[in-house]
Amino acid sequence: MPIPPTVVSLGLAGGQGKSTVALMLGRYLGRLGIPVLFVDCDPQSSLTSFLGVQVQPDTPTLLEVLTQPEEKTKILDAIASVPDVKLGDRTINNTNLFLIPSDDGLESANYKLASSGLSLFILRNRLQPIVSNFGVAIVDPPPERSHLAQTSLGAGDRWVIPAESNVKGVQSLLRTMELIKEFKTALPYGELLGVVPFRARWTGRHPTNATKTSIDTIRQLVGSELMLPHILESDVFKNAINQRVAPTDLGQPNLEYAIHVLAQRLKPALPEEYAKLIPSKPV
Ligand SMILES: Nc1ncnc2c1ncn2[C@@H]1O[C@H](COP(=O)(O)OP(=O)(O)OP(=O)(O)O)[C@@H](O)[C@H]1O
Ligand SMILES: [Mg+2]
Numbered sequence: 001m002p003i004p005p006t007v008v009s010l011g012l013a014g015g016q017g018k019s020t021v022a023l024m025l026g027r028y029l030g031r032l033g034i035p036v037l038f039v040d041c042d043p044q045s046s047l048t049s050f051l052g053v054q055v056q057p058d059t060p061t062l063l064e065v066l067t068q069p070e071e072k073t074k075i076l077d078a079i080a081s082v083p084d085v086k087l088g089d090r091t092i093n094n095t096n097l098f099l100i101p102s103d104d105g106l107e108s109a110n111y112k113l114a115s116s117g118l119s120l121f122i123l124r125n126r127l128q129p130i131v132s133n134f135g136v137a138i139v140d141p142p143p144e145r146s147h148l149a150q151t152s153l154g155a156g157d158r159w160v161i162p163a164e165s166n167v168k169g170v171q172s173l174l175r176t177m178e179l180i181k182e183f184k185t186a187l188p189y190g191e192l193l194g195v196v197p198f199r200a201r202w203t204g205r206h207p208t209n210a211t212k213t214s215i216d217t218i219r220q221l222v223g224s225e226l227m228l229p230h231i232l233e234s235d236v237f238k239n240a241i242n243q244r245v246a247p248t249d250l251g252q253p254n255l256e257y258a259i260h261v262l263a264q265r266l267k268p269a270l271p272e273e274y275a276k277l278i279p280s281k282p283v
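full-length UniProt numbering numbers the first residue of the sequence shown as 1 and each following residue consecutively.
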């Protein structure tokens, strides 16, 4: 029985779609009946707010998980349930979604991680005893090359790199591939699932010139094998994030095609009982 994998959405620049891809992959898998543990490893706490989780003053967050031993902070105590969401007269059920939340205090974990000299492995070691309670863990790291980004990288069995479909996105991808290269020998279990061009702009049946050029460049950099379908620039996505649902819940499953293909790539790494829940055709 394989151990549930940890997926990390990586990208060394702001606004590349890390949180969006982490969120939508988790929602997609959760909807299929797979228990998902999200880990918000960014002090900006986008994922915590996208999931509608309120950090309670007396419950631990990822900060305590990363900086205190299990005897002091039990990792299970840091796991919050994701609340269900009302959408018109429907209820979107989030019973399969769980989160280790963060707030801006997480920034201070960088110092502790730096002084430990073991940043790469701290999150991985903390998750290891509990990850088998879930089908998958999904980590959302910060955009800069910090110790929080390193511990996110090292936690990953599978990495996905979203990159904006523009010049900034190509540069972010290059920096992210450098980071992976630098640490790859220390992380033999880590594998890149692919690259998702984010916020691709289409006019009618054709991409804009900027989108086409950047997607072509990304393909040249990573090779066709690692190219995943793009995520379109779309207000539906933004609305879905704001309303704490997925594009599918808003009647636009086609916008989640990239997430469906990403889930297909992840399928062989999932425990069999969960892998079989992922359909080969989009739902
Ligand atoms: N398909 C889309 N089209 C347009 N905008 C989108 C789409 N999906 C998400 N967005 C918006 O793009 C912004 C950036 O996305 P996201 O937060 O996922 O990036 P990020 O890489 O996690 O950024 P950060 O580095 O700040 O953590 C968000 O404000 C989000 O609402
Ligand atoms: Mg983010």
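Glycine residues also receive a C-beta, built at the ideal position from the N, C-alpha and C atoms.
Endpoints, beta strand (DSSP E) assigned at Thr91: The sequence position of residue 91 within the sequence shown is 91, counting from 1. Where Thr91 is concerned, the enclosing beta strand (DSSP E) stretches over 90–92.
Bounding residues of the alpha helix (DSSP H) (the contiguous stretch that carries Asp235): Within the sequence shown, residue 235 is the residue found at index 235, counting from 1. Segment 235–243, the alpha helix (DSSP H) holding Asp235.
Pro229 versus Ala263: straight-line alpha-carbon distance, rounded: For the purposes of this step, residue 229 is identified with residue 229 of the sequence shown, where counting begins at 1. For the purposes of this step, residue 263 is identified with residue 263 of the sequence shown, where counting begins at 1. Cα-Cα distance, rounded: 12 Å.
Closest residue to Ser108 among Val85, Cys41, Leu179, Arg31 (Cα-Cα distance): One-based indexing of the sequence shown puts residue 108 at position 108. The shortest C-alpha separation from Ser108 is found at Cys41.
Bridge-paired residues (DSSP) for residue 317: In this structure the chain extends from 1 to 283, so residue 317 is not present and cannot be described.
Any non-hydrogen atom of ligand 2 closer than 6 Å to Ser19 Cβ: For this step, residue 19 is matched to residue 19 along the sequence shown. For ligand 2, at least one heavy atom lies less than 6 Å from the Cβ of Ser19.
Lys181 Cβ short of 6 Å to ligand 3 heavy atom set: Questions concerning ligand 3 fall outside what the structure shown contains, since the ligands it does hold are ligand 1 and ligand 2.
For Ile100, the residue or residues it bridges with in DSSP: Within the sequence shown, numbered from 1, the residue matching residue 100 stands at position 100. According to DSSP, Ile100 bridges with Val39.
Same chain only: Cβ atoms within 7 Å of residue 285, ignoring 5 sequence neighbours per side: Residue 285 lies beyond the stretch modelled for the chain, which goes from 1 to 283, so this question has no answer here.
Per-residue DSSP class, three states only, for Val55: Taking the sequence shown and counting its residues from 1, one reaches residue 55 at position 55. When DSSP states are grouped into helix, strand and coil, Val55 belongs to the coil group.
Exposure of Asn94, with buried meaning 16 or more beta-carbon neighbours within 10 Å: On the sequence shown, residue 94 is found 94 positions in, with the first residue counted as 1. With 16 or more Cβ atoms within 10 Å of its Cβ, Asn94 is classed as buried.
Ligand 1 heavy atom lying under 6 Å from the CB of Ile241: Taking the first residue of the sequence shown as position 1, residue 241 is located at position 241. Yes, the beta carbon of Ile241 sits closer than 6 Å to at least one heavy atom of ligand 1.
Neighbour-count burial assignment, Asp216, 16 or more Cβ in a 10 Å radius: Indexing the sequence shown from 1 puts residue 216 at position 216. Note on Asp216: under 16 other CB atoms within 10 angstroms of its CB, so exposed under the neighbour-count rule.
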